[in-house]
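Each residue of the sequence shown is one higher than the one before, counting from 41 in this note's numbering.
Note that CB positions come from ideal geometry on N, CA and C, so glycine has one too.
Comments concern the structure below.
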Amino acid sequence: MTWWPETAGDVDKPRAKEYEYVTEVLDYGWHNTSSPAFNMRLEQAFAEKFGVNYAITHNSGTATMHSCLMAAGIGPGDEVIIPPLTAAATALVVIHQNAVPVFADLDPDTFNINPEAIRELITPRTRAIIPVALYGLSADMDPIMEIAEEHDLVVIEDCAEAFLAEYKGKLAGAIGHMGSFSFQGSKHMTCGDGGIVITDDPDYAQGVRYGMAFGYSTIGAESAPTTAPPREVRQDPNFARHVALGWNYRLAELAAAAALGQLERLDDLVGWRQAVAAGYAEVIGDCDWLRPQKVPEGYVNTYWCYTVLIDTDEITWHQFRDQYVGFGGDPIYGAWRPIYLEPVFSEERFYGRGCPHRCPLYKGTPQQYGKGLCPVTERIQPLLLQFRTNWDRQRAQQQFEALGKTIAYFEGNS
Ligand SMILES: Cc1ncc(COP(=O)(O)O)c(C=O)c1O
Numbered sequence: 041m042t043w044w045p046e047t048a049g050d051v052d053k054p055r056a057k058e059y060e061y062v063t064e065v066l067d068y069g070w071h072n073t074s075s076p077a078f079n080m081r082l083e084q085a086f087a088e089k090f091g092v093n094y095a096i097t098h099n100s101g102t103a104t105m106h107s108c109l110m111a112a113g114i115g116p117g118d119e120v121i122i123p124p125l126t127a128a129a130t131a132l133v134v135i136h137q138n139a140v141p142v143f144a145d146l147d148p149d150t151f152n153i154n155p156e157a158i159r160e161l162i163t164p165r166t167r168a169i170i171p172v173a174l175y176g177l178s179a180d181m182d183p184i185m186e187i188a189e190e191h192d193l194v195v196i197e198d199c200a201e202a203f204l205a206e207y208k209g210k211l212a213g214a215i216g217h218m219g220s221f222s223f224q225g226s227k228h229m230t231c232g233d234g235g236i237v238i239t240d241d242p243d244y245a246q247g248v249r250y251g252m253a254f255g256y257s258t259i260g261a262e263s264a265p266t267t268a269p270p271r272e273v274r275q276d277p278n279f280a281r282h283v284a285l286g287w288n289y290r291l292a293e294l295a296a297a298a299a300l301g302q303l304e305r306l307d308d309l310v311g312w313r314q315a316v317a318a319g320y321a322e323v324i325g326d327c328d329w330l331r332p333q334k335v336p337e338g339y340v341n342t343y344w345c346y347t348v349l350i351d352t353d354e355i356t357w358h359q360f361r362d363q364y365v366g367f368g369g370d371p372i373y374g375a376w377r378p379i380y381l382e383p384v385f386s387e388e389r390f391y392g393r394g395c396p397h398r399c400p401l402y403k404g405t406p407q408q409y410g411k412g413l414c415p416v417t418e419r420i421q422p423l424l425l426q427f428r429t430n431w432d433r434q435r436a437q438q439q440f441e442a443l444g445k446t447i448a449y450f451e452g453n454s
């Protein structure tokens, strides 16, 4: 097996920087208006790594997208086009802004949102598109940006699962008007929970920062050592603090310190996942009934997970999983249900009183969230196998062996 490059080393082990930075925070102590500025350092380093002007840390990759929608002024009566196969967060933030999620079907090969499907769903109410870089692979961004330009739409890339993924020489997340990343525990770089928004636009950066920190009048687009207004300002009883509607989506300094340590070795963390993905690919080889997520020319997939479609009627998802686990593989994940089939959507358990669909400000036909809405998604979703890529060398080897034996078993060579 040739899959493990020497450079991958024991990539999950060297955490010296994380320890050093976290210790720096602890030694500094807890203060309200001053900090060791790890959020600022993380923002600046992330912006530099992605070649953008601004980065704004948040406490999750859900909060990030909520702030993006606030910054874009999305609200009641607006429609936002999203894919049906993604973490629920992508859709829930739209509902939380009292806007209407509209689901565009997937490309059957890349499993990402299909630009042609987006085009068919544009209405005078469409205000934004959230393409998701699913499993580590960018959506087809050129046509999406063209559609956005034609119809004056905001594009928010959900790159929670796609750090350093590339699309035609550009980094995913830095192509749309704003890009959102998650630092949740399973992601390429993590601090347990957290997230970050990137953008080149100073107005969006300002709006996102307002969303993140209570709409404080003293914060701007640029990174600063702390979001708290200076003491002499905040002590004044006449101080007008809040100039915009915002939340408290701040990332703790301790978490920012750990995330900065991870960012400094992000290339290794990504390379490690790509190496594990290459291992799965090598085992699958020319097996004609397992079809991996297609990586079109000009794309670089950074493999949050390695995803494969069972492309035969003769083997069910559960049969495959049972054999794989029986051969020592880690219990494998299926893909999320299409979001619109989750009870919160199909039973419209939103804010009550008909919002957002039957809100008097919404002039479209209420969306029918039910079976048949996105046929491609409904056909492929039940057949997807998501193989984890964040294994150490020994556990990865175990998965490859289990996969090889499972394939041989179903091909009658066991
Ligand atoms: C595609 C996608 N979007 C958004 C999120 C939400 O991120 P978080 O868990 O940090 O809120 C996740 C994962 O958690 C995700 O995979």
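| task | Entirely within the stretch 177 to 225 and at least 4 residues each: give me those alpha helix (DSSP H) ranges in chain order. | result | 181 to 191
| task | List the endpoints of the continuous alpha helix (DSSP H) containing THR63. | result | Start and end: 56 to 68.
| request: Go through its chain and collect everything with a Cβ distance to CYS199's Cβ below 6 angstroms, but skip five positions before and after it. | output: Closer than 6 angstroms at Cβ, skipping near neighbours: ALA173, ALA212, GLY213, GLY219, PHE221.
| Where the beta strand (DSSP E) through LEU424 begins and ends | 424 to 428
| query | Of the choices THR342, ALA168, ASP351, whose alpha-carbon is the least far from that of LEU330? | reply | Among THR342, ALA168, ASP351, the Cα nearest to that of LEU330 is on ASP351.
| task | May I ask you to verify whether the stretch 283 to 295 touches the stretch 253 to 263, counting CB pairs closer than 8 angstroms and requiring at least 3? | result | Counting C-beta pairs closer than 8 angstroms gives three or more between the stretch 283 to 295 and the stretch 253 to 263, which meets the contact rule.
| message | So the candidates are SER386, GLN438, LEU125; which of them puts its Cα closest to the Cα of LEU424? | response | It is LEU125.
| said: Please confirm whether PRO155 has its beta-carbon closer than 8 angstroms to some beta-carbon of chain C. | reply: In the structure shown, chain C does not exist; there is a single protein chain.
| SER222: CB within 7 angstroms of a non-hydrogen atom of ligand 1 | Yes - ligand 1 has a heavy atom lying nearer than 7 angstroms to the Cβ of SER222.
| query | Which residues bound the alpha helix (DSSP H) around HIS136? | reply | 129 to 136
| field | Assigned exposure category for PRO21 - 16 Cβ within 10 Å defines buried | value | Limits of the chain in this structure are 41 at one end and 454 at the other, which puts residue 21 out of reach.
| When you compare only the Cα positions, how much space is there between LYS210 and GLU156? | 22 angstroms
| request: Classify CYS108 as helix, strand or coil using the three-state DSSP reduction. | output: helix
| query | Buried or exposed: which applies to TYR175, given that a residue is buried once 16 or more other Cβ atoms fall within 10 Å of its Cβ? | reply | buried
| message | Looking at the strands, I want to know which residues DSSP matches up with ILE379. | response | ILE379 is not bridged to any residue.
| Which term fits SER74, buried or exposed, when burial requires 16 or more other beta carbons within 10 angstroms of its beta carbon? | Of the other Cβ atoms in all chains shown, fewer than 16 fall within 10 Å of the Cβ of SER74; this residue is therefore exposed.
| Is it right to say TYR59 is buried, meaning 16 or more other beta carbons lie within 10 angstroms of its own, or is it exposed? | exposed
| request: Give the DSSP-derived three-state secondary structure of HIS491 in the structure shown. | output: The structure shown has nothing for residue 491, since the chain only spans 41 to 454.
| said: Going by DSSP in three states, GLY255 sits in which element: helix, strand or coil? | reply: Look at GLY255 here: in three-state DSSP terms it is coil, with no helix or strand label.
| task | Using the Cα positions of HIS136 and GLN438, report the straight-line distance between them to the nearest angstrom. | result | The alpha-carbon separation between HIS136 and GLN438 amounts to approximately 42 angstroms.
| field | Classification of GLN302 by the beta-carbon crowding that lies within 10 angstroms, buried from 16 upward | value | Under this definition GLN302 is a buried residue.
| request: Measuring alpha carbon to alpha carbon, tell me which of PRO183, PRO171, TYR207, ASP180 ends up nearest VAL195. | output: Just measuring C-alpha positions, the residue of PRO183, PRO171, TYR207, ASP180 sitting nearest VAL195 is PRO171.
| query | Taking the Cβ atom as the reference point for each residue, do ALA238 and ALA95 lie within a distance shorter than 8 angstroms? | reply | Strictly speaking, residue 238 in this sequence is Ile, with Ala absent from that position. Yes, these two residues count as a Cβ contact at 8 angstroms.
| Measuring CA to CA, which of GLU201, PHE450, ALA202, GLY234 is closest to ALA103? | GLY234
| said: Residues in the same chain with beta-carbon distance under 6 angstroms from MET110, minus the five sequence neighbours each way, listed in chain order, please. | reply: GLY251
| query | How is the beta strand (DSSP E) around PRO332 delimited, first residue to last? | reply | 330 to 332
| task | Work out the CA separation of CYS345 and ILE420 for me, nearest whole Å. | result | Each residue's alpha carbon lies about 17 angstroms from the other.
| said: The beta strand (DSSP E) that contains ALA95, what's its start and end? | reply: 94 to 98
| request: Would you list the one or two residues that DSSP bridges to GLY444? | output: In DSSP, GLY444 forms no bridge with anything.
| request: Go to ARG313, then tell me how far its alpha helix (DSSP H) extends in each direction, as first and last residue. | output: 306 to 324
| DSSP bridge partner residues for ASN288 (one or two, in chain order) | ALA253
| Identity of the residue in GLN224, LYS227, LEU291 nearest ARG249 by Cα | LEU291
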